[in-house]
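Asks:
Residue numbers (our numbering), protein chains in the order written: chain V, 4 to 111; chain L, 85 to 200.
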């Protein structure tokens, strides 16, 4: 699976949009981009995934660049409960391989 | 999303004893289940993959005789840590996926194992 690069940490003010970037320049044609998050001492929670089109669900939006080499997860109105480690994972038909992710801290 | 239940959420055991952790998919049939381990301040590391009714596939460096995995039904997988030692203390997390390699994987809440 292609490797991903994420900033180690980000801060966001409560109520503002949180935009979490992810680089996956070696992504191949059959690989999807998945986002999970892990709140402290809990199991990871699925957020969203996409192939090449932008995706939106009740939790977040996923914007994938046209060349698919990077993507951005958007939490439109961050709350304190969104503080977590966010993992961007590129996966084809294999298992989910977790990198170090981005620690998002949402502050009042 | 689908629900994966893991039990117990935490356990303390004496060195040399065995501990069993259960992982259940509550509202879907999980043809494939995964077991991860996470040490403090580190990311999740895949230990093994199991398909219902067949032997688990272990990642390199994971001792199959120490970490026994059973996936006897489409809704239950168990991980048994045998002859536990303090260095086995970790956060163990299971994940379950429906049939199809593209299906999303859903995670249990994790089990905090402390070996004393």
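Ideal Cβ placement from N, Cα and C applies to all residues, glycine included.
1) Return the residue from the list 101/V, 45/V, 51/V that minimises the CA-CA distance to residue 78/V.
2) Is it right to say residue 120/V is buried, meaning 16 or more other beta carbons lie within 10 angstroms of its own, or is it exposed?
3) Got a sec: which bits of the stretch 29–54 of chain V sit with their beta carbon under 9 Å from any beta carbon on chain L, in order along the chain?
4) Comparing the C-beta of residue 8/V with each C-beta of chain L, is any distance below 8 Å?
5) Do residue 96/L and residue 165/L have their CB atoms nearer than 8 Å?
6) Look at the alpha carbon of residue 191/L and the alpha carbon of residue 180/L, and state the distance between them as a whole number of angstroms.
7) Output yes if chain V places a C-beta closer than 8 Å to the C-beta of residue 193/L; else output no.
8) Who are the Cβ neighbours of residue 169/L in its own chain at under 7 Å, not counting the five residues just before and after it?
9) Which residues of chain V have a Cβ atom closer than 8 Å to the Cβ of residue 201/L, listed in chain order?
10) One question on the structure: do residue 130/L and residue 98/V come within less than 8 Å of each other, judged by their Cβ atoms?
11) Using beta-carbon positions only, say whether residue 88/V and residue 104/V come within less than 8 Å of one another.
Replies: Quick look at the numbers:
1) 51/V
2) The structure shown does not extend to residue 120/V, since chain V spans only 4 to 111, so no value can be given for it.
3) 35, 37, 39, 41, 44, 45, 46, 47, 48, 49, 52
4) Judged by the 8 Å Cβ criterion, residue 8/V is not in contact with chain L.
5) no
6) Cα to Cα, the separation comes out at about 6 Å.
7) yes
8) 99, 199
9) Absent from the model: residue 201/L. The displayed extent of chain L is 85 to 200, so no value can be given.
10) Result yes, Cβ atoms of residue 130/L and residue 98/V sit closer than 8 Å.
11) yes
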